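**Student:**
2 protein chains.
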Amino acid sequence: MKVDGFGGGEICAAEEEATPTENPPAPVIGTEENERDGEELFVPPLNFAMVDNGVFRSGFPESANLSFLQSLGLRSVLYLCPEPYPDPINEFLKANEIRLFQFPIDGCKEPFVNIPEETIREALQVVLDARNHPILIHCKRGKHRTGCLVGCLRKLQKWCLSSIFDEYQRFAGAKARVSDQRFMELFDVSSFKYTSFS
Amino acid sequence: MKVDGFGGGEICAAEEEATPTENPPAPVIGTEENERDGEELFVPPLNFAMVDNGVFRSGFPESANLSFLQSLGLRSVLYLCPEPYPDPINEFLKANEIRLFQFPIDGCKEPFVNIPEETIREALQVVLDARNHPILIHCKRGKHRTGCLVGCLRKLQKWCLSSIFDEYQRFAGAKARVSDQRFMELFDVSSFKYTSFS
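Chains E and R, in that order, are what the protein sequence lines are.
Adding 2 to a residue's 1-based position in the first sequence gives its number in my numbering.
Adding 2 to a residue's 1-based position in the second sequence gives its number in my numbering.
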């Protein structure tokens, strides 16, 4: 099955018309074991969402997520953890010619939280460069590091703080950190130039 | 200030360079009272998010949200409540030539929940028609009615149920309903045709 675009691919008429008395469709080569009515299913990564045109966010991708990620047609991935990728992810990036931008930020827990401002500045610059789109921003759970970076982008997009925090909390849930929200509040975006993504 | 695209508009250099000793910038005509460093701020509606290319979701828009909504360049709004709009919203739609699709679904509470399948089918057909994009889907809180419609779209996009429920719960939070999730699970998408949005 051709996979194109965001969650793309057309419904295959042949599959639709299959009845239980017929032979089940042959498994699709190279896909995961997730099926519904004999059709391949997409498994987005934990905490996956679209941030803006050409910008996505999520938690750490697993092997089960790769066919979905392939459907996004990513040009780059912005990875916010210090740990190296497992082999399947590295191979996926290579096979799909996806550029990796890794900005190592330790996943500290409160009260030892320290989101490094300079690193977020460099990462935000990568996100703002439309030549890197479509881009996936991710960390481990898609809550704190990713949430802070997206929050800084929202600030640049002139969202009011309460809306920025609302979005942050939607992904962080019970793990929301006041320190992250203070970081976003104090983050100075005046040196960045932003024009809307298209 | 020109407002274009998603959260659009460029940072104004003149505003950046303003110092506290200078006169404050004149208020921007026709905008809300939300400012940070003399710049107009965008106030996205409650539970606002991008669903896919050209598709947005939210809770009920208030007057404070209108300049943000204008920045989305909406072509249509899909409104899932039976109540008529207040005048400011009707005027906004008219002034911006935004087409309104209203599908009245009562906002019942459990255990009296009844998401009408045929209405969701008609609404989904509107969402799938790219001629209506950019489109904003909304109900009152952007949780149940909007969540069900987006969940049905995800099913058509072949997301696995656990990811559909994860997204639904991110917006519904503590108000998540098993009945909504059952509705999405049982919703038959085989009669719809979907090609990825671009």
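Backbone N, C-alpha and C define an ideal beta-carbon position, used for all residues, glycine too.
It should be emphasised that the depicted structure is a prediction, and the values quoted were computed from it without experimental measurement.
If you draw a straight line from the alpha carbon of residue 53 of chain R to that of residue 119 of chain E, how long is it in whole angstroms?
**Tutor:** Straight-line Cα distance between these residues: approximately 29 Å.
**Student:** Determine, using beta carbons only, whether residue 160 of chain R comes closer than 9 Å to chain E.
**Tutor:** True, the Cβ-Cβ gap to chain E drops below 9 Å.
**Student:** State the DSSP-derived secondary structure class of residue 178 of chain E, mapped to helix, strand or coil.
**Tutor:** Three-state result, residue 178 of chain E: coil.
**Student:** Starting from residue 77 of chain R, follow the alpha helix (DSSP H) in both directions and report where the run begins and ends.
**Tutor:** Residue 77 of chain R -> no alpha helix (DSSP H), and no H or E assigned at all.
**Student:** Residue 143 of chain E and residue 48 of chain E look like a contact to me (Cβ under 8 Å); what is the Cβ gap, rounded to whole Å?
**Tutor:** Contact holds; Cβ gap of about 7 Å.
**Student:** For residue 164 of chain E, which of helix, strand or coil comes out of DSSP?
**Tutor:** It is helical.
**Student:** Which of the three DSSP states, helix, strand or coil, is assigned to residue 173 of chain R?
**Tutor:** Helix.
**Student:** Using 9 Å as the limit for Cβ to Cβ distance, is residue 186 of chain E near chain R?
**Tutor:** Not closer than 9 Å to any Cβ of chain R, the Cβ of residue 186 of chain E fails to qualify, so no.
**Student:** Residue 39 of chain R: buried (16+ other C-beta within 10 angstroms of its C-beta) or exposed?
**Tutor:** Exposed: under 16 other Cβ atoms inside 10 Å.
**Student:** The beta strand (DSSP E) that contains residue 102 of chain E, what's its start and end?
**Tutor:** Residues 101–104.
**Student:** For residue 44 of chain E, write down the residues that DSSP places opposite it in a beta bridge.
**Tutor:** DSSP lists R:161 as partners of residue 44 of chain E.
**Student:** Using three-state DSSP, classify residue 107 of chain E as helix, strand or coil.
**Tutor:** Three-state result, residue 107 of chain E: coil.
**Student:** Grouping DSSP H, G and I as helix and E and B as strand, with all else coil, what is residue 89 of chain R?
**Tutor:** Helix at residue 89 of chain R.
**Student:** Can you find a C-beta in chain E that's less than 9 Å from the C-beta of residue 65 of chain R?
**Tutor:** Answer no: the Cβ-Cβ gap between residue 65 of chain R and chain E never drops below 9 Å.
**Student:** Beta-carbon separation of residue 141 of chain E and residue 109 of chain E under 9 Å?
**Tutor:** Yes, these two residues count as a Cβ contact at 9 Å.
**Student:** How would you call residue 63 of chain E, buried or exposed, if buried means at least 16 neighbouring beta carbons within 10 angstroms?
**Tutor:** Residue 63 of chain E is buried by the Cβ-count criterion.
**Student:** In the structure shown, what three-state DSSP assignment does residue 137 of chain R receive?
**Tutor:** Correct three-state label for residue 137 of chain R: strand.
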